[in-house]
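Student: Pasting a structure below so you can have a look.
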Amino acid sequence: MAVPATTATAPTTEPDVTAELRTLRARVPRLTGSLVASADGLLVAADLPPSVEPSGMAAVTASGLSLAHRIAQTAHGGAFHEVVIRGVDGYVVTYAAGPTASLTVLAEADANVGRLHLEARPAARAIAAHLARSRT
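Numbering-wise, the sequence shown is residues 1 to 136 according to UniProt numbering.
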């Protein structure tokens, strides 16, 4: 089932992060939304369809991120980079955005996942840089 293209952007104190999310949506066909969450599950910024509650999704993302970190560390002893979840109706991909945050993107089932990675990986790095600057 396709998610409506209409978005509701959550208020944020991170306008540069929100701009990255909007740019990502514009660059990736079939991307339906995205959000940035802190490692402890707090919402940093969101560009999501109305059907997805931003704070709840940020909390769930943080739980998944914690588990992905543990799996990567247990299996290979290294750091986590990304996790792809493919569901019946689409994809949920979470990328590390520095050591204390994550970028989660939602895409339709027929999205080009290669293109998604090509655009989202640098966006995650840019978001990490924005967040690092805001902490200093």
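Here a beta-carbon is modelled for each residue, glycine too, at the ideal position from N, C-alpha and C.
Here the structure is a predicted model, which means the values were calculated and not measured.
In whole angstroms, what is the alpha-carbon distance linking Ala129 and Asp89?
Tutor: The sequence position of residue 129 within the sequence shown is 129, counting from 1. The sequence position of residue 89 within the sequence shown is 89, counting from 1. Each residue's Cα considered, the two are about 32 Å apart.
Student: If you follow the beta strand (DSSP E) that Asp47 is part of, which residue opens it and which one closes it?
Tutor: The count along the sequence shown starts at 1 and reaches residue 47 at position 47. First-last of the beta strand (DSSP E) with Asp47: Leu43 to Leu48.
Student: Taking only beta-carbon atoms, is Ala45 less than 7 Å away from chain C?
Tutor: Of the protein chains in this structure there is only one, and it is not chain C.
Student: Measuring straight from C-alpha to C-alpha, what distance separates Arg87 and His81?
Tutor: Counted from its first residue, the sequence shown places residue 87 at position 87. Counted from its first residue, the sequence shown places residue 81 at position 81. Note on residue identity: the sequence assigns Gly, not Arg, to residue 87. Roughly 20 Å between the two C-alpha positions.
Student: Below 8 Å, can you find three or more Cβ-Cβ pairs linking the segment 102-111 to the segment 20-34?
Tutor: Yes: the two stretches touch, three or more of their Cβ pairs being nearer than 8 Å.
Student: Among residues of its own chain, excluding the 5 on either side of residue 140, which ones have a beta-carbon nearer than 6 Å to its beta-carbon?
Tutor: Given that the chain is displayed from residue 1 to residue 136, the structure contains no residue 140 and the question cannot be resolved.
Student: Taking the C-alpha atoms as reference points, what is the distance between Leu67 and Thr94?
Tutor: Walking along the sequence shown from the start, residue 67 turns up at place 67. Walking along the sequence shown from the start, residue 94 turns up at place 94. Between Leu67 and Thr94, the C-alpha separation is close to 12 Å.
Student: What does the Cβ neighbour count give for Leu118, buried or exposed, with the cut at 16 atoms within 10 Å?
Tutor: Translated into positions along the sequence shown, residue 118 becomes position 118. Leu118 should be labelled exposed.
Student: So which of Leu65, Pro49, Ala58 and Ala124 has the shortest CA-CA distance to Gly41?
Tutor: Numbered from 1 along the sequence shown, position 41 holds the residue referred to as residue 41. Gly41 has its Cα closest to that of Ala58, out of Leu65, Pro49, Ala58 and Ala124.
Student: Taking the C-alpha atoms as reference points, what is the distance between His76 and Val83?
Tutor: As a working mapping, residue 76 is identified with position 76 in the sequence shown. As a working mapping, residue 83 is identified with position 83 in the sequence shown. In a straight line, the C-alpha of His76 is about 15 Å away from that of Val83.
Student: With a threshold of 16 other CB atoms inside 10 Å of the CB of Ala79, please say whether the residue is buried or exposed.
Tutor: Taking the sequence shown and counting its residues from 1, the one referred to as residue 79 is at position 79. Exposed is the call here.
Student: Leaving out the 5 sequence neighbours to the left and right, which residues in its chain are closer than 6 Å to Thr13 when beta-carbon positions are compared?
Tutor: The residue labelled residue 13 in the question sits at position 13 within the sequence shown. Bear in mind that the predicted position of Thr13 carries a pLDDT of just 46, short of 50, making it unreliable; the figure below should be weighed with that in mind. Closer than 6 Å at the Cβ level, and outside the excluded window around Thr13, lies no residue.
Student: Less than 8 Å between the CB atoms is what I'm expecting for Ala37 and Thr61, so what's the real figure, rounded?
Tutor: Residue 37 sits at position 37 when you count from the first residue of the sequence shown. Residue 61 sits at position 61 when you count from the first residue of the sequence shown. Confirmed, Cβ separation roughly 5 Å.
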